[in-house]
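Here is the structure we will look at.
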């Protein structure tokens, strides 16, 4: 089963004030704790960043890295901008972790440390959540 | 008796040590301080937030609150610049709005709101808590995007990185200073060094400083070398944090990455030392130790207009 997280909605619900930016450790912690309450452990989760403005390193670490490290089997990032990925990539690399990024055309890319990233894609294909396209890329089959 | 602290005529990061020396001398005997900005002709954002940090520290010495927004029983005195033009600019930069809580201000200050003009991307803004960082990041994205792209020639995507760098710089205050601080962002022509426009982020606090913040976890590792310079080196170069969480310490590393991409400069002064990542257009030194002691930490980020820069 794939679980979906709309990060912007969680941000609105978790923090007082109408913020669009995921910045500061306390904000990241509040958002992650909300997500953790809704997520089952060891699951495949789609995290949708649509509507999120700035994401800083502190929040990337507090949310993405900690969920990948402690909660989910595979974290699939959707709706990310270049700016979001600029924050997420070094944080994941620093921990030797990886996540999967969905491109606008639906194909999947890896972000973070190379070895665990390749294993994540294999996991998605093995669970038939993703499949190889005729062009050789990997795309989600559902979700 | 009152001790005089002279504010340099051109008050920026280059003249800050002169100001710090005057501050250190004046604070030696615990007398009330008078910050004399009478002869000030110009102040960078770094000078303005540094002056507020000095006021906060002086107020704390005198028994006041001393943090951002803190008052005091016997606040230090501040004489405003003699030039009406300079006073007006400091007012538009938001300086006097914050100074009113920290100093007993002497001189005529125009009642003006902080500027919405293009030069002042972010007026002097207090940073005390995470909520303040949200406000700073939100404001800067609304105001800086066009300037960064049109005036500095940065890729529009760089705005997000700019906001990230600003967020991390401000969070250092919230998480490490143990007191409030201030941030200011301005764009201006930097004729002296570069003959081009720059955007400058200045962040200052009068808190505990990097050495004190990192001492419990790092002093033993550095042994005899431990001090302000070693603490700055550990934080900026080695990405060390006072927290045990392995994800910590990424903020300054992220700032360094962003500035390296845009040929920018970062300099941090804390206690008696100053460290800088020096781009090729600048002739600053990477590390200075033995400077006049000054409370807290002062961070300077400079992003130049893109294009060929003087080597």
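Protein chains in written order, with our numbering: chain P, 27 to 169; chain X, 4 to 314.
Virtual Cβ for every residue (Gly too), placed ideally from N, Cα, C.
Every unbroken stretch of the beta strand (DSSP E) spanning 3 or more residues and falling wholly within the region 99-133 of chain P is given here in chain order: 100-104, 124-128.
For residue 71/P, the beta-bridge partners assigned by DSSP are 29/P, 101/P. Interface flag for residue 78/P against chain X is unset, since no Cβ pair is found closer than 8 Å. Among the CB atoms of chain X, one or more fall inside 8 Å of the CB of residue 52/P.
DSSP places residue 253/X outside any beta strand (DSSP E); the residue lies instead in the alpha helix (DSSP H), whose first and last residues are 253-264. Judged by their CB atoms, residue 90/P and residue 137/X are not nearer to each other than the 8 Å cut-off. Counted as a single uninterrupted DSSP element, the alpha helix (DSSP H) harbouring residue 92/P occupies residues 92-96. As DSSP reads the structure, residue 307/X sits in a beta bridge with 201/X. Spatial neighbours of residue 298/X in its own chain (CB-CB distance under 6 Å, excluding positions within 5 residues in sequence) are listed in chain order as 60, 209. In this structure, the straight-line span from the alpha carbon of residue 34/X to that of residue 197/X is close to 41 Å. In the structure shown, the three-state DSSP call for residue 150/X is helix. Fewer than three Cβ pairs drawn from the region 164-183 of chain X and the region 8-18 of chain X lie within less than 8 Å of each other, which leaves the two stretches out of contact. With its beta carbon less than 8 Å from one in chain X, residue 43/P belongs to the interface. Counted as a single uninterrupted DSSP element, the alpha helix (DSSP H) harbouring residue 232/X occupies residues 231-239. Cα atoms of residue 161/X and residue 53/X: separation of roughly 27 Å, rounded to the nearest angstrom. Taking every protein chain shown into account, the CB of residue 98/P has 16 or more other CB atoms within 10 angstroms, so this residue is buried. Contact between residue 34/P and residue 77/P is confirmed by a C-beta separation of about 4 Å, below the 8 Å threshold.
Of 74/P, 62/P, 79/P, the smallest CA-CA separation from residue 92/P is found for 62/P.
Chain P has no Cβ within less than 8 Å of the Cβ of residue 263/X. Cα atoms of residue 239/X and residue 259/X: separation of roughly 8 Å, rounded to the nearest angstrom.
Annotation: the continuous alpha helix (DSSP H) that includes residue 25/X extends over 19-29.
Cβ-Cβ distances below 7 Å link residue 41/X to 82, 84, 85 in the same chain, with the five nearest sequence neighbours on each side left out; the list follows chain order.
In the structure shown, residue 5/X adopts extended strand secondary structure according to DSSP, grouped into three states. Following the DSSP letters along the chain, one finds residue 38/X inside the beta strand (DSSP E) bounded by residues 35-39. Near chain P, meaning a CB-to-CB distance below 9 Å, no residue of the region 266-277 of chain X qualifies. A distance below 8 Å between beta-carbons, with the five flanking residues on each side excluded, links residue 139/X to the following residues of its chain, in chain order: 125, 128, 130, 169, 170, 173, 186. For residue 191/X, the three-state secondary structure derived from DSSP is strand.
DSSP lists 80/X as the beta-bridge partner residues of residue 107/X.
Within chain P, the residues placing a beta-carbon under 9 Å from that of residue 137/X are 41, 43, 45, 47, 49, 50, 53, ordered along the chain. Identification of residues in the region 142-167 of chain X having a C-beta nearer than 7 Å to some C-beta of chain P yields 144, 160, 163, 164, 166, 167, given in sequence order.
Remark: C-beta atoms of residue 149/P and residue 94/P do not approach each other more closely than 8 Å.
Taking C-beta separations shorter than 8 Å and ignoring five residues to either side along the sequence, the partners of residue 150/X in its chain run 121, 124, 190, 202, following chain order.
Excluding residues up to 5 positions away in sequence, 83, 90, 94, 99 lie with their Cβ nearer than 7 Å to the Cβ of residue 112/X in the same chain. For residue 82/P, the neighbours in chain X by C-beta distance under 7 Å run, in chain order, 167, 170, 171. With the criterion set as a beta carbon lying under 9 Å from some beta carbon of chain X, the members of the region 118-133 of chain P are 120, 121, in sequence order.
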